[in-house]
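Novice: I'd like to ask some things about the structure below.
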Amino acid sequence: MALIVQKYGGSSVADAESIKRVAKRIVDARRAGHDVVVAVSAMGDTTDELLDLASQVAPIPAPRELDMLLSSGERISMALLAMAIHSMGFEARSFTGSQAGMITTADHGAARIVDVTPIRLRDALDEGAIVIVAGFQGFNRDTRDITTLGRGGSDTTAVALAAALEADVCEIYSDVDGIFTADPRVVPKARKLGVVSSEEMLELAANGAKVLYIRAVEYARRHGVLIHARSTFSSGVGTYVLGPGMTHPDGESGEDMEEPIVAGVATDLSQAKITVTGVPDVPGKAAEIFKVVAKSGANVDMIVQNVSAATTGRTDISFTLPKTDAATALKALAGDQSEIGFVNLVHDDQIGKLSVVGAGMRTHSGVSATLFEALSLSGVNIEMISTSEIRISVVVRGTELAEAARVVHTAYGLDGDGDAVVHAGTGR
Numbered sequence: 001m002a003l004i005v006q007k008y009g010g011s012s013v014a015d016a017e018s019i020k021r022v023a024k025r026i027v028d029a030r031r032a033g034h035d036v037v038v039a040v041s042a043m044g045d046t047t048d049e050l051l052d053l054a055s056q057v058a059p060i061p062a063p064r065e066l067d068m069l070l071s072s073g074e075r076i077s078m079a080l081l082a083m084a085i086h087s088m089g090f091e092a093r094s095f096t097g098s099q100a101g102m103i104t105t106a107d108h109g110a111a112r113i114v115d116v117t118p119i120r121l122r123d124a125l126d127e128g129a130i131v132i133v134a135g136f137q138g139f140n141r142d143t144r145d146i147t148t149l150g151r152g153g154s155d156t157t158a159v160a161l162a163a164a165l166e167a168d169v170c171e172i173y174s175d176v177d178g179i180f181t182a183d184p185r186v187v188p189k190a191r192k193l194g195v196v197s198s199e200e201m202l203e204l205a206a207n208g209a210k211v212l213y214i215r216a217v218e219y220a221r222r223h224g225v226l227i228h229a230r231s232t233f234s235s236g237v238g239t240y241v242l243g244p245g246m247t248h249p250d251g252e253s254g255e256d257m258e259e260p261i262v263a264g265v266a267t268d269l270s271q272a273k274i275t276v277t278g279v280p281d282v283p284g285k286a287a288e289i290f291k292v293v294a295k296s297g298a299n300v301d302m303i304v305q306n307v308s309a310a311t312t313g314r315t316d317i318s319f320t321l322p323k324t325d326a327a328t329a330l331k332a333l334a335g336d337q338s339e340i341g342f343v344n345l346v347h348d349d350q351i352g353k354l355s356v357v358g359a360g361m362r363t364h365s366g367v368s369a370t371l372f373e374a375l376s377l378s379g380v381n382i383e384m385i386s387t388s389e390i391r392i393s394v395v396v397r398g399t400e401l402a403e404a405a406r407v408v409h410t411a412y413g414l415d416g417d418g419d420a421v422v423h424a425g426t427g428r
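If you want it as structure tokens, here you go:
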């Protein structure tokens, strides 16, 4: 008998019928003799609807009260799911994040998990109950306030529970049957991967892949949690995410299995580019620029500095960041323009980022050449480039991103025989 932690996203519990479908899957696992703990998200678009409602009441809602409001979405889901399981003749108990022992920092809206003390969950499991936990939330010991975990909070909740309970596996359910070589909505011929290393998954998640959140993958890698990405809407085998030394259920090792040169292609349309023009090309100016950007709270991704113009002694520095951070970064830089001494700021929110990821890049040559040739033959211009040991990322025009992803996917021989199937359309 195994201890299984399952997580179901908003699309998986979007309505009453969906909740009953999820309840049946959970009950099937219990009938098979397994102990089951479930982390559940809010139904469908509930969180967005609550955010909209809050903005109508208060233009800038108090963070503490906003967390109180948003955490109610998961509490509705957990109670309904427990009721559905009860109706099938099985004992189920629902718990809020605080009742489950999910202890966090006091940062409302972006709290981080500092400890998990699942005493009540263990007691419920010992008594034969299926445990349902509200994802996305916890509480702070000092303030005794409810907190929410921000983006990827329910995924992270599930992984944290799996680590604390020493579960055999953490199953993350969404509307796609595992991890694909590309987003099937962008690249229809994307293939499902049977296994992917946690190192590759971190890069894919950080660069636009939407099935798993980077926080959850990081937590799983750090605490040795085996992730199994699956679809709520099918019985497919899904994808295992293996950390170093982990063993695939079929016997392959996360370190020893043969690594493909390229595991996948990720796309991201959520970034913008800011170019600081006419920057004096002297030591310390780049530091001044990025100190200002950091103080604004913006998270910088890619950076490119042009060669200094011999006649002016000035250069241009471009960087990418989330579109949601662009306005505050621009305002902060404009406020320090005279002190830094640059000429102008150019904001471009029509870019797309394409990333090629694969652990095999370490030992194979020609990966970059294949990428650049494929983009060249399709007439796609590259605006920025950045690399890591197992990733190459380029910035292109946003309107060309989908086509660029398809041609690059083909160039690396990743195309499947037929079109991939997506059941609900959100990736969650």
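Numbering-wise (this note's numbering), the sequence shown opens with residue 1 and increments by one. Ideal Cβ placement from N, Cα and C applies to all residues, glycine included. This one's a predicted model, so the numbers in the text were calculated from it and none came from an experiment.
Output yes or no for whether 8 Å exceeds the beta carbon distance between Y173 and T232.
Specialist: Going by C-beta atoms, Y173 is nearer than 8 Å to T232.
Novice: Leaving out five residues before and five after K189 in sequence, what residues of the same chain have Cβ atoms less than 6 Å from its Cβ?
Specialist: Correct list, in chain order: D415 and G416.
Novice: Check whether the segment 334-347 touches the segment 274-284, taking contact to mean three or more Cβ pairs, one atom from each stretch, closer than 8 Å.
Specialist: At 8 Å Cβ cutoff, the stretches touch.
Novice: Tell me which same chain residues have a C-beta within less than 7 Å of the C-beta of P280, skipping the five on either side of it?
Specialist: G313, R314 and G341, listed in sequence order.
Novice: Whole angstroms are fine: how far does the CA of A163 sit from the CA of F136?
Specialist: Between F136 and A163, the C-alpha separation is close to 16 Å.
Novice: Over the uninterrupted beta strand (DSSP E) stretch that includes R314, give me the two end residues.
Specialist: Counting along the chain, the beta strand (DSSP E) containing R314 begins and ends at R314 to P322.
Novice: Taking 8 Å as the threshold (C-beta atoms), are A106 and G138 in contact?
Specialist: Not in contact: G138 and A106 (Cβ atoms no closer than 8 Å).
Novice: Which of helix, strand or coil does DSSP assign to E127?
Specialist: E127: coil per DSSP, three-state reduction.
Novice: Assuming L242 is part of the alpha helix (DSSP H), what are its boundary residues?
Specialist: Careful: L242 lies outside any alpha helix (DSSP H), inside the beta strand (DSSP E) at T239 to L242.
Novice: For F290, report the span of its alpha helix (DSSP H) as first-last.
Specialist: Segment K285 to K295, the alpha helix (DSSP H) holding F290.
Novice: When DSSP builds the beta bridges, which residues end up paired with Q6?
Specialist: According to DSSP, which records beta bridges pairwise, Q6 is partnered with V38 and E171.
Novice: Decide if I60 is buried, meaning its Cβ has at least 16 other Cβ atoms within 10 Å, or exposed.
Specialist: The residue in question, I60, is exposed, as its Cβ has fewer than 16 Cβ neighbours within 10 Å.
Novice: Which of helix, strand or coil does DSSP assign to S197?
Specialist: Residue state, collapsed to three classes: strand.
Novice: Taking the DSSP output, what are the residues bridged to H228?
Specialist: According to DSSP, which records beta bridges pairwise, H228 is partnered with E171 and Y240.
Novice: Does the Cβ-Cβ distance between D268 and G208 come in under 8 Å?
Specialist: It is a contact, given that the beta carbons lie within the stated cut-off.
Novice: What is the C-beta distance between V431 and A334, in whole angstroms, given that I count them as a contact (C-beta under 8 Å)?
Specialist: With the chain covering 1 to 428 only, the question about residue 431 has no answer from this structure.
Novice: With C-beta atoms as the reference, is L70 less than 8 Å away from T157?
Specialist: Result no, Cβ atoms of L70 and T157 do not sit closer than 8 Å.
Novice: Terminal residues of the continuous alpha helix (DSSP H) containing H86?
Specialist: Unbroken alpha helix (DSSP H) run through H86: P63 to S87.
Novice: At a cut of 8 Å, does the segment 177-193 reach the segment 6-23 through at least three beta carbon pairs?
Specialist: The segment 177-193 is not in contact with the segment 6-23.
Novice: Looking at the structure shown, is A334 part of a helix, part of a strand, or coil, going by DSSP?
Specialist: Three-state DSSP puts A334 in a helix.
Novice: Rounding to the nearest angstrom, what Cα-Cα distance links E403 and V367 in this structure?
Specialist: When rounded, the distance between both Cα atoms is 19 Å.
Novice: On a Cα-Cα basis, can you pick out the residue from S77, T399, A84 and M88 that is closest to R31?
Specialist: That would be M88, whose Cα lies nearest to the Cα of R31.
Novice: Mapping the DSSP letters down to three states, classify G153 as helix, strand or coil.
Specialist: In this structure, G153 counts as helix in the three-state DSSP scheme.
Novice: Determine the burial state of T363: buried for a count of at least 16 other Cβ atoms within 10 Å of its Cβ, exposed for fewer.
Specialist: By the neighbour-count rule (16 or more Cβ atoms within 10 Å), T363 is not buried but exposed.
Novice: Measuring alpha carbon to alpha carbon, tell me which residue in I146, H86 and H108 is nearest S72.
Specialist: The option with the nearest alpha carbon to S72 is I146.
Novice: Report the option in S376, A129 and E199 whose CA atom is closest to the CA atom of E400.
Specialist: Ranking S376, A129 and E199 by Cα distance to E400 puts S376 first.
Novice: Classify G264 as helix, strand or coil using the three-state DSSP reduction.
Specialist: Reduced to three states, the DSSP call for G264 is strand.
Novice: For F90 and A23, I'd like the C-alpha separation in whole angstroms.
Specialist: Between F90 and A23, the C-alpha separation is close to 10 Å.
Novice: Return the CA-CA distance between A266 and V356, expressed in angstroms with no decimal places.
Specialist: Whole-angstrom Cα-Cα distance: 7 Å.
Novice: When we look at the beta-carbon of D301 and count the other beta-carbons within 10 Å, is it buried (16 or more) or exposed?
Specialist: The residue in question, D301, is buried, as its Cβ has 16 or more Cβ neighbours within 10 Å.
Novice: Looking at the strands, I want to know which residues DSSP matches up with P280.
Specialist: Answer is R314, bridged to P280.
Novice: Apart from the five residues just before and just after K323, which ones in its own chain have a Cβ nearer than 8 Å to its Cβ?
Specialist: Result list for K323: S270, Q271, A272 and D349, in chain order.
Novice: Should I119 be labelled buried (16 or more other beta-carbon atoms within 10 Å of its own) or exposed?
Specialist: So I119 ends up on the exposed side.
Novice: Could you spell out where the beta strand (DSSP E) holding T181 opens and where it closes?
Specialist: From DSSP, T181 is part of no beta strand (DSSP E); its letter is neither H nor E.
Novice: For A298, name the three-state secondary structure that DSSP assigns.
Specialist: In the structure shown, A298 sits in coil (DSSP, three-state: anything other than H, G, I, E or B).
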